[in-house]
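Every letter in the sequence shown is one number past the one before it in full-length UniProt numbering, and letter 57, counting from 1, is 57. Below is one structure, written out as structure tokens, with a few remarks after it.
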Amino acid sequence: MFELEQVSRRFGGTQALHPLDLRVPEGRTTVLLGPSGCGKSTLLRLMNGLLRPDTGRVLFRGQPLRDEDLLTVRQRMGYALQGGGLFPHLTAEGNTTLMARYLKWPPERVKARLHELVELTRFPRDALGRFPGQLSGGQRQRVSLMRALMLDPDVLLLDEPLGALDPMIRYELQGDLRDIFARLGKTVVLVTHDLGEGAFLGDQVVLMREGRIVQRGPLAELERAPADPFVTRFFQAQRLPFPGGQA
Ligand code: ADP
Ligand code: MG
1 MFELEQVSRR
11 FGGTQALHPL
21 DLRVPEGRTT
31 VLLGPSGCGK
41 STLLRLMNGL
51 LRPDTGRVLF
61 RGQPLRDEDL
71 LTVRQRMGYA
81 LQGGGLFPHL
91 TAEGNTTLMA
101 RYLKWPPERV
111 KARLHELVEL
121 TRFPRDALGR
131 FPGQLSGGQR
141 QRVSLMRALM
151 LDPDVLLLDE
161 PLGALDPMIR
171 YELQGDLRDI
181 FARLGKTVVL
191 VTHDLGEGAF
201 LGDQVVLMRE
211 GRIVQRGPLA
221 ELERAPADPF
231 VTRFFQAQRL
241 PFPGGQA
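This is the structure we're talking about:
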């Protein structure tokens, strides 16, 4: 779905990403995992063209992302920003349907799609008229997810979609997300710094550190054969049982 070839990106004096290669397979969930500041969000924003790489190139479905067709290509990628990124002056419905209305979908089609998404994400229908400030954290995340799914994109890019939720709500939404991914069968790239969440939601993980990929593969493989002491430390830091480790 995505191929990154020698892609790097710097911000001022910070090398956010060193040149890296990455293939994101179709129809699977790939989890970008790693401590805060390691470059996960940067990598995600390079995939949907919100950021351009300093070196290398990003291919989407075999085609390089080009400035000319970025707007149309991006409509095939649902993106949920870190923190939700909802417009505070738009209701839940307004946020969800914004792009469809901008693209001049007929109102019946907008309504029909909205109702599908309400079902899918289990968002309370009677809260559609509320503004983000009047929603709970979990409800805001569901709106963010509905908005990302509105145009029925080929791929979902989710940046810490369960970031600031309390553990019980987070647990519930993780389960819902996993069901939704399974039901839709879409390509998903999900950013998290939480190992348990990555293990629960992802088919393969890409573990990053300081702008580099340390190891990638199924999580069990990282556990069994850590490529670097950092992998072991990352597992231990999350206090999960780690075969071969001391935790
Ligand atoms: P993560 O999502 O893994 O926490 P980011 O990709 O957001 O990490 O950031 C990687 C590094 O790049 C960090 O050092 C961050 O401060 C820096 N960075 C990211 N975006 C910007 C920006 N727009 N301007 C300056 N520095 C940035
Ligand atoms: Mg981030």
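Each residue gets a CB set at the ideal place from its N, CA and C atoms; glycine is no exception. For clarity, every value in this text was computed on a predicted model and none was experimentally measured.
Outcome for residue i when other beta-carbon atoms lying within 10 angstroms are tallied against a minimum of 16
| i | result |
| --- | --- |
| S144 | buried |
| T192 | buried |
| A220 | exposed |
| F235 | buried |
| A100 | buried |
| T92 | One point to set straight first is that residue 92 is Ala, not Thr, in the sequence displayed. Under this definition A92 is a buried residue. |
| F2 | buried |
| F11 | exposed |
| Q6 | exposed |
| R66 | exposed |
| S136 | exposed |
Nearest candidate by alpha-carbon position, reference residue i, set the options
| i | options | result |
| --- | --- | --- |
| L4 | C38, F11 and P53 | P53 |
| P124 | G133, V110 and R142 | R142 |
| H172 | F200, R183 and L184 | Contrary to the premise, residue 172 reads as Glu rather than His in this sequence. For E172, the nearest C-alpha among the options comes from F200. |
| M150 | W105, P167 and A127 | W105 |
| residue 248 | C38, S36, V58 and P35 | Here the chain comprises residues numbered 1 to 247, so residue 248 is not present and cannot be evaluated. |
| V189 | D179, G196, C38 and V206 | V206 |
| L43 | F230, G211, E108 and R233 | G211 |
| G198 | K186, R178 and L184 | R178 |
| T37 | T55, Q15, L22 and N48 | Residue identity differs from the one stated: residue 37 is Gly in this sequence, not Thr. Considering only alpha carbons, the answer is Q15. |
| G62 | V24, E68 and S41 | V24 |
| D166 | R147, Q139 and A182 | Q139 |
| A148 | I169, A127, T187 and A164 | T187 |
| L20 | P226, R9 and G27 | R9 |
| L184 | T55, E26, L71 and D126 | E26 |
| L90 | L65, L195, K40 and L128 | L128 |
| T121 | A182, P64, E108 and L70 | A182 |
| R76 | A237, E68 and F60 | F60 |
Beta-ladder partner(s) of residue i, from DSSP
| i | result |
| --- | --- |
| M47 | BP columns for M47 are empty, so no partner. |
| G217 | V205 |
| F60 | F2 and Q63 |
| T55 | S8 |
| L222 | DSSP, once it has assigned bridges, lists no residue as partnering L222. |
| V189 | T30 and L157 |
| L151 | Answer by DSSP bridge pairing: none, since L151 is not bridged. |
| M77 | V155 |
| Q15 | R10 |
Query raised in the report: Using 8 Å as the threshold, is the stretch 101-118 in touch with the stretch 159-174, meaning 3 or more CB pairs across them?
Result: Three or more beta-carbon pairs separated by less than 8 Å are not found between the stretch 101-118 and the stretch 159-174, which leaves the two stretches without contact.
Query raised in the report: Would you call the stretch 80-88 and the stretch 21-34 in contact, with 3 or more CB pairs under 8 Å?
Result: Segments in contact, no.
Query raised in the report: Are three or more beta carbon pairs between the stretch 83-95 and the stretch 129-141 nearer than 8 Å?
Result: Contact between the stretch 83-95 and the stretch 129-141 is present: 3 or more CB-CB pairs across the two stretches fall below 8 Å.
Query raised in the report: For the stretch 87-116, which segments carrying the alpha helix (DSSP H) assignment without a break, of at least 4 residues, lie completely within its bounds, in sequence order?
Result: Listed in chain order, they are 92-102.
Query - Inter-stretch contact at 8 Å, needing at least 3 Cβ pairs: the stretch 165-180 / the stretch 93-108 - result: No: fewer than three Cβ pairs fall under 8 Å.
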